[in-house]
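Here is the structure we will look at.
Residue numbers (the UniProt record's numbering), protein chains in the order written: chain A, 1 to 254; chain B, 1 to 297.
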């Protein structure tokens, strides 16, 4: 199923529109393997839309998506997804362990119920994000950072090869941010490819090996060192880039 | 014996509605349940005119089809830019009124009157029995509603994980390859069938109460979905039983009394639920305040 020579994710002339208003235009991109890839761009640039389009959650108005050279439907098992925290109702009557077990559902088929092996995997994943003590906690009693870690644990329980994370760092505390980045680095160490929609320009060079700069069109994509430049950022953000990331200030001052 | 049949019918209706109601509430679709239960009326009338029987398999199918048409109509209206609640209201009031016109047009020729459709005639249930091989097999309504209860329970048992995940996080469900649309229409189809199977006992209007109120009560009582399903069935059954005796005491409508009791249990849960209850929380606050005050001394 997995073809080594094909890129983990490749899209060709991908276009998406909401109510006839174009959100993404003709994106062509092929990702490297085993890297942490930041998806960067201003609000409304189509970052989440890009992820959702690749995941098949939105109808495409044009273009194609391939995962290791295969159409998405054939490769669902390879993909893990961390949606935005606000996308679900945290008052849903369930507990932390149960949410993480949901990551196993894709492997269970139509009728099988999650069993002890799935429970063990879920507990191990909770442990990885430092939430093992909260396994039996009702999800409405979690802080924002804890909710995010539960979602991350659920994605780990999917045991995927490619991960898509929609703003995992949005509104989390410093401890959670550290826990998340540790998990991301561990995923990379296992040669997983991880896409992360990211807002904080200050941390881009620390966190990501490659970046995708997006503003409805693909502005630039490639290794962070070469791609994450003042010139490209200005192209991406236009006049809206008020504060340049710290490292650029330093180089300019130095 | 007749009393028992009536109570049993009420309990079966309450249980099969409550199970589905839990998922409707969690998917924030309580209004869609309302819409479907009204919009199947033309389906009921047409199927009745064709078969001349209030309890028949074609009738259930016809109603299920109408329920799905309702869902499709609501969704296509919403997609074309109509606000969600407006789309729901427009769809079900139009279909319901078509049903009313059909009933009033054909009321003289056929044995189907508005009162029966709207408010149910649960007290007549024991007399409409199935006679087969010369034996009396009990009221038709019990068989029909019992079958839908088995159907609903079976669907939930088999597809518990899919229904749960599509309710909690539909995007994740799609990403995992779960056919979310299929389970959406399965749920809507079951709601339609259950509504039609129940309409004669509790009426097209009160079936909404049985769909939503016991499930809403159970939601207040627990933090686990499996227990919510169990509690919704229990409160539904309790409403049916107590409602029957309330109706007897007041000499009032049975379906109405059952619904009133469902409402009473909801209010009790709202005030006294162990975690979310208004009184419970007030009591906890008072105790906390007293503890703080005594520590301050």
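Glycine included, each C-beta is placed from N, C-alpha and C at the ideal position.
- Two segments are said to touch when three or more pairs of C-beta atoms, one from each, lie closer than 8 Å; by this definition the segment 10–26 of chain B touches the segment 212–227 of chain B.
- Contact note: residue 174 (chain B) reaches chain A through 55, 56 and 57, using a C-beta cutoff of 8 Å and chain order.
- Looking at the DSSP output, residue 22 (chain A) shares a beta bridge with A:17.
- Taking 8 Å as the cut-off, the beta carbon of residue 75 (chain A) is found closer than this to the beta carbon of residue 68 (chain A).
- If the five residues before and after residue 186 (chain B) are omitted, its C-beta is found closer than 8 Å to the C-beta atoms of 155 and 159, all from its own chain and listed in chain order.
- Residue range 57–79 is occupied by the alpha helix (DSSP H) that includes residue 76 (chain B).
- For residue 83 (chain B), the three-state secondary structure derived from DSSP is coil.
- In the three-state DSSP reduction, residue 123 (chain A) falls in the helix class (H, G or I).
- Among the residues of the segment 202–224 of chain B, those with a Cβ less than 8 Å away from any Cβ of chain A are 219, 222, 223 and 224, in the order of the chain.
- Secondary structure note for residue 217 (chain A): it is in no alpha helix (DSSP H), and the uninterrupted beta strand (DSSP E) holding it is 217–223.
- The alpha helix (DSSP H) runs of length 4 or more contained entirely in the segment 112–188 of chain B are, from start to end of the chain, 114–119, 140–158, 160–168 and 170–175.
- One finds nothing in chain A with a Cβ atom closer than 7 Å to the Cβ of residue 140 (chain B); even the nearest lies about 33 Å away.
- Distances from the CA of residue 90 (chain B) to each of B:102, B:75 and B:176 were compared; the closest alpha carbon is that of B:75.
- Rounded to the nearest whole angstrom, the C-alpha separation of residue 273 (chain B) and residue 279 (chain B) is 8 Å.
- Per DSSP, the continuous beta strand (DSSP E) segment holding residue 36 (chain A) begins and ends at 36–40.
- Secondary structure at residue 47 (chain B): helix, using DSSP grouped into helix, strand and coil.
- Between the segment 162–171 of chain B and the segment 22–42 of chain B there are three or more inter-stretch CB-CB distances shorter than 8 Å, so the stretches are counted as touching.
- By the rule that beta-carbons nearer than 8 Å mark a contact, residue 93 (chain A) touches chain B.
- For residue 106 (chain A), the C-beta contacts it makes with chain B under 7 Å involve 176 and 177, in order along the chain.
- The beta carbons of residue 265 (chain B) and residue 239 (chain B) sit about 6 Å from each other, so the pair counts as a contact at 8 Å.
- Counted as a single uninterrupted DSSP element, the alpha helix (DSSP H) harbouring residue 265 (chain B) occupies residues 254–272.
- When beta bridges are read from the DSSP output, residue 95 (chain A) appears opposite A:138.
- Note that the segment 184–194 of chain A touches the segment 146–164 of chain A; at least 3 beta-carbon pairs, one per stretch, sit closer than 8 Å.
- Listed in chain order, the non-local C-beta contacts of residue 63 (chain B) below 8 Å within the same chain comprise 40, 43, 44, 47, 192, 193, 195 and 196, local neighbours out to five positions each way being set aside.
- Using a Cβ-Cβ distance cut-off of 8 Å, the segment 222–231 of chain B and the segment 284–291 of chain B are not in contact, since fewer than three pairs of beta carbons, one from each stretch, lie closer than that value.
- Exposure of residue 223 (chain A) is indicated by the presence of fewer than 16 other C-beta atoms within 10 angstroms of its C-beta.
- In this chain, the alpha helix (DSSP H) harbouring residue 228 (chain B) covers 225–250.
- Close to residue 228 (chain B), with beta-carbon spacing below 7 Å, are these residues of chain A in chain order: 93.
- DSSP places residue 205 (chain A) in the helix class (H, G or I) of the three-state scheme.
- When C-beta distances to chain B are compared with 9 Å, the residues of the segment 108–119 of chain A below that value are 108, 110, 111, 112, 113 and 114, in chain order.
- Secondary-structure assignment with DSSP links residue 164 (chain A) through a beta bridge to A:81 and A:195.
- Annotation: Cβ neighbours of residue 165 (chain B) in chain A (cutoff 7 Å, chain order): 102 and 105.
- The Cβ atoms of residue 69 (chain B) and residue 201 (chain B) do not sit closer than 8 Å to each other.
- Residues of chain B with a Cβ closer than 8 Å to the Cβ of residue 87 (chain A) are, in chain order, 169 and 171.
- For residue 61 (chain A), no alpha helix (DSSP H) segment is defined, and its DSSP state is neither H nor E.
- Looking at the DSSP output, residue 71 (chain A) bridges to A:66.
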